[in-house]
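Chains as they are written, first to last, in the UniProt record's numbering: chain U, 1 to 331; chain Y, 1 to 331.
From the three backbone atoms N, C-alpha and C, an ideal C-beta is built for every residue, glycine too.
If you're wondering where the values come from, they're calculated on a predicted model, not measured in any experiment.
Before any comments, here is the structure.
In structure tokens, the structure reads:
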């Protein structure tokens with residue numbers, strides 16, 4: 001979908017966190033990441049070469065990716081001149097922000113004139129089918145969480161990286177805008193119309209080689225009342241052979257819902273397996289991915305050991321430890 | 001949303017089945033159903049007075065409802081003159097067909113001139129919120145099915161009718177286009193964007209009197225891989241106090257999916273309860289609604305008796321028997 005390589009546009013990002021999309025691209029797809037472009041006042045830094053539009057174009061950049069958010073997640077007026085310069089140099093523009101490139105007339109006009117494309121990756125552009133639930137060839141692994149934002153994308157990307165390093169066939173399948181910008185394609189599942197959610201996931205994870213693994217980015221949680229329907233569409237559309245349970249142990253309540261507790265890992269395991277067996281009776285949980293960012297090294301070690309013993313499954317923090325043991329467990 | 005009473009437009013419906021939307025309105029909302037309008041070749045009959053547009057207008061009709069489908073579910077060219085006549089007489093037009101009133105320029109122009117509205121009830125018009133899962137006042141009953149099209153809408157409507165006949169406070173809450181046309185309002189849930197599904201159901205079933213029951217139309221099935229995400233959004237957004245299990249015992253496979261078996265009533269009960277307890281720990285299954293249209297009277301009797309004994313819950317066919325025993329069981 002998106003043409004690579006990228007120039008990563010950081011705009012006037014007020015801090016490093018505001019550039020987390022660009023950071024994700026640089027971390028997971030360094031081969032796509034030619035350089036960075038900062039405006040006055042930018043406080044983020046990727047450690048990539050600083051490039052002007054002309055330098056990026058000369059180096060082969062095909063797409064300028066908006067890799068930063070300012071307050072409100074909008075396209076800033078301060079960015080427009082640079083975006084138009086990139087368009088006029090013949091580069092596509094890609095953004096995952098809430099307000100859309102296509103709603104800025106000056107960008108639309110410039111893109112039409114230059115013959116380049118504007119990609120708002122938050123908005124579906126494909127007419128997805130209704131899911132048919134037919135068995136597909138190849139293997140699929142889905143990350144499911146006790147809550148939203150517990151490391152499902154990170155886990156799937158870390159497993160893909162480990163598998164590719166071993167020479168195995170693996171494809172991260174993005175289902176949210178950050179993942180789509182990182183890999184250049186995917187389905188913005190939370191923006192798909194209800195009837196087509198599961199079909200969109202089937203479309204994203206089609207027939208493949210028998211020894212190929214799709215590593216599917218999870219969304220939401222079966223236990224998060226706001227988004228659980230999206231998660232179940234992933235479980236049924238994704239037809240997983242294996243599940244990885246994702247958890248953040250310092251979370252005191254469901255994200256955004258102070259009146260909801262997180263389920264236990266055991267409850268998540270049992271419910272996710274029950275639902276996934278509808279489409280694949282042989283599905284298994286193969287491991288647990290824990291985001292231990294909120295713990296000391298010692299706390300994390302002891303927590304992971306306790307979970308591993310209790311659940312009888314490998315329990316790792318892929319950020320601290322890598323995903324090798326999860327890949328080993330794929331079977 | 002829709003203004004009542006209605007003139008039910010049957011067009012050139014080739015048979016009675018093609019007029020099932022109009023039949024549903026007449027059966028469940030006779031007080032909305034002033035008359036019928038048939039074109040040449042119409043083979044459907046509601047047993048209502050035949051009315052011209054002028055007669056319907058004089059009798060007080062506020063909305064012409066397209067109550068029939070021709071082959072393909074499209075708005076027929078043969079209908080246009082009549083629809084424009086209704087618009088010019090000052091009536092709104094409502095339709096649940098796949099192709100939209102708003103896409104016919106002659107209808108849009110006539111409606112703008114006459115100052116009336118075109119309602120395509122298949123398309124959401126509300127900006128629904130993200131669900132917050134907060135406990136709401138009043139009571140809610142949700143129909144869940146072993147499959148699609150097993151009588152969930154019929155069950156909820158029959159329970160509403162029985163409750164109103166007893167002087168109880170009850171509101172059928174429509175989640176599909178037929179239900180919306182019948183009652184004049186609702187949410188076309190299968191057309192809502194994924195992130196807002198559960199929020200749309202919360203919006204549809206807001207705080208209410210402590211002794212008021214929402215009878216929520218179910219959609220899909222937790223076990224139907226094409227639509228299960230929509231169903232889970234209903235379970236979590238609907239925050240049910242009670243569930244009614246709906247089943248069609250002669251079905252040999254999941255609707256549209258010959259390679260999928262239906263779950264047992266026991267499996268549906270356990271899974272639906274597990275999921276519903278996330279939002280309401282006190283939720284109960286109170287009965288079973290069986291569509292026995294494919295069975296003889298004797299077969300139906302014996303099947304219902306067997307299910308009732310096996311499940312320890314009232315099992316009725318509301319079409320044959322009414323919904324009194326389900327209402328008794330609401331508690």
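- [ ] Pick out whichever of U:267, U:64 and U:73 has its Cα sitting closest to the Cα of residue 87 (chain U).
- [x] U:64
Open item on the list: Which residues does DSSP list as the beta-bridge partners of residue 242 (chain U)?
Closed with: U:141 and U:284
- [ ] Check the Cβ of residue 274 (chain U) against every Cβ in chain Y and list those closer than 7 Å, keeping chain order.
- [x] 271
TODO: Measure the Cβ-Cβ separation of residue 130 (chain U) and residue 221 (chain Y) and say whether it is below 8 Å.
DONE: no
Task: chain U within 8 Å of residue 228 (chain Y), Cβ atoms only - done: yes
Open item on the list: Quick check: the segment 168 to 181 of chain Y against the segment 313 to 322 of chain Y, are at least 3 beta-carbon pairs closer than 8 Å?
Closed with: no
Task: Where the segment 249 to 271 of chain Y meets chain U: residues whose CB sits under 7 Å from a CB there - done: 257, 259, 260 and 271
Task: Close-in-space but distant-in-sequence residues of the same chain around residue 322 (chain U) (CB under 7 Å, 5 per side omitted) - done: 158 and 162
- [ ] With residue 319 (chain U) as the anchor, note down where its alpha helix (DSSP H) starts and where it stops.
- [x] 318 to 321
Open item on the list: Let me make sure I understand the geometry here. Which of U:103, U:56, U:8 and U:152 has the alpha-carbon closest to that of residue 42 (chain U)?
Closed with: U:8
Open item on the list: With a threshold of 6 Å on Cβ separation, who are the neighbours of residue 246 (chain Y) within its own chain once the five nearest residues in sequence on each side are excluded?
Closed with: 143, 145, 150, 151, 152, 155 and 289
- [ ] Going by CA-CA distance only, name the one from U:147, U:137 and U:166 that's closest to residue 258 (chain U).
- [x] U:147
Open item on the list: Using a Cβ-Cβ distance cut-off of 8 Å, determine whether residue 109 (chain U) contacts chain Y.
Closed with: no
Task: Cα-Cα separation between residue 312 (chain U) and residue 325 (chain Y), rounded to whole angstroms - done: 47 Å
Open item on the list: Is residue 216 (chain U) close to chain Y? Criterion is C-beta to C-beta, closer than 8 Å.
Closed with: no
Task: Residue closest to residue 108 (chain U), alpha-carbon to alpha-carbon, out of U:127, U:137, U:84 and U:123 - done: U:84
Open item on the list: So, with DSSP's three-state summary, where would you put residue 27 (chain U)?
Closed with: helix
- [ ] Would you please state the rounded distance, in angstroms, between the beta carbons of residue 141 (chain Y) and residue 281 (chain Y)? I believe it to be under 8 Å.
- [x] Actually they are not in contact, since the Cβ atoms of residue 141 (chain Y) and residue 281 (chain Y) sit about 17 Å apart, beyond 8 Å.
Open item on the list: Quick check on the DSSP output: the alpha helix (DSSP H) that includes residue 264 (chain U) runs from which residue to which?
Closed with: That residue, residue 264 (chain U), is in no alpha helix (DSSP H); it is neither H nor E in DSSP.
Open item on the list: List, in chain order, every chain U residue whose beta-carbon is nearer than 8 Å to that of residue 143 (chain Y).
Closed with: Per Cβ cutoff of 8 Å: no residues; residue 143 (chain Y) is ~17 Å from chain U at best.
Task: N- and C-terminal bounds of the beta strand (DSSP E) containing residue 170 (chain Y) - done: 169 to 173
- [ ] Inspect the beta-carbon positions of residue 285 (chain Y) and residue 310 (chain Y) and report whether they are closer than 8 Å.
- [x] no
Task: Which of helix, strand or coil DSSP assigns to residue 226 (chain Y) - done: coil
TODO: Starting from the beta carbon of residue 193 (chain U), find every residue of chain Y whose beta carbon is closer than 8 Å, and list them in chain order.
DONE: 190, 191, 192, 193 and 194
Task: Straight-line Cα distance separating residue 48 (chain U) from residue 90 (chain U) - done: 22 Å
Task: Residues sharing a beta bridge with residue 38 (chain U), DSSP - done: U:11
Task: First through last residue of the alpha helix (DSSP H) which encompasses residue 84 (chain U) - done: 80 to 88
- [ ] For my contact list, residue 243 (chain Y) and residue 283 (chain Y) are in at a C-beta cut-off of 8 Å; report their separation, rounded to the angstrom.
- [x] 6 Å
Open item on the list: Quick check on the DSSP output: the beta strand (DSSP E) that includes residue 216 (chain U) runs from which residue to which?
Closed with: 212 to 216
Open item on the list: I need the straight-line Cα distance from residue 18 (chain Y) to residue 68 (chain Y), nearest angstrom please.
Closed with: 5 Å
- [ ] Determine the extent of the beta strand (DSSP E) in which residue 108 (chain U) is found, giving its start and end residues.
- [x] Run containing residue 108 (chain U): none in the beta strand (DSSP E); it sits in the alpha helix (DSSP H), 105 to 114.
- [ ] Say whether chain Y places a C-beta atom closer than 8 Å to the C-beta of residue 133 (chain U).
- [x] yes
TODO: Less than 8 Å between the CB atoms is what I'm expecting for residue 139 (chain Y) and residue 212 (chain Y), so what's the real figure, rounded?
DONE: 7 Å
TODO: Could you please give the first and the last residue of the uninterrupted beta strand (DSSP E) stretch that includes residue 370 (chain Y)?
DONE: Here chain Y comprises residues numbered 1 to 331, so residue 370 (chain Y) is not present and cannot be evaluated.
- [ ] May I have the straight-line CA-CA distance separating residue 55 (chain Y) from residue 34 (chain Y), to the nearest angstrom?
- [x] 10 Å
TODO: Pull up the CB-CB distance for residue 230 (chain U) and residue 194 (chain Y), whole angstroms please, since I reckon it's below 8 Å.
DONE: 5 Å
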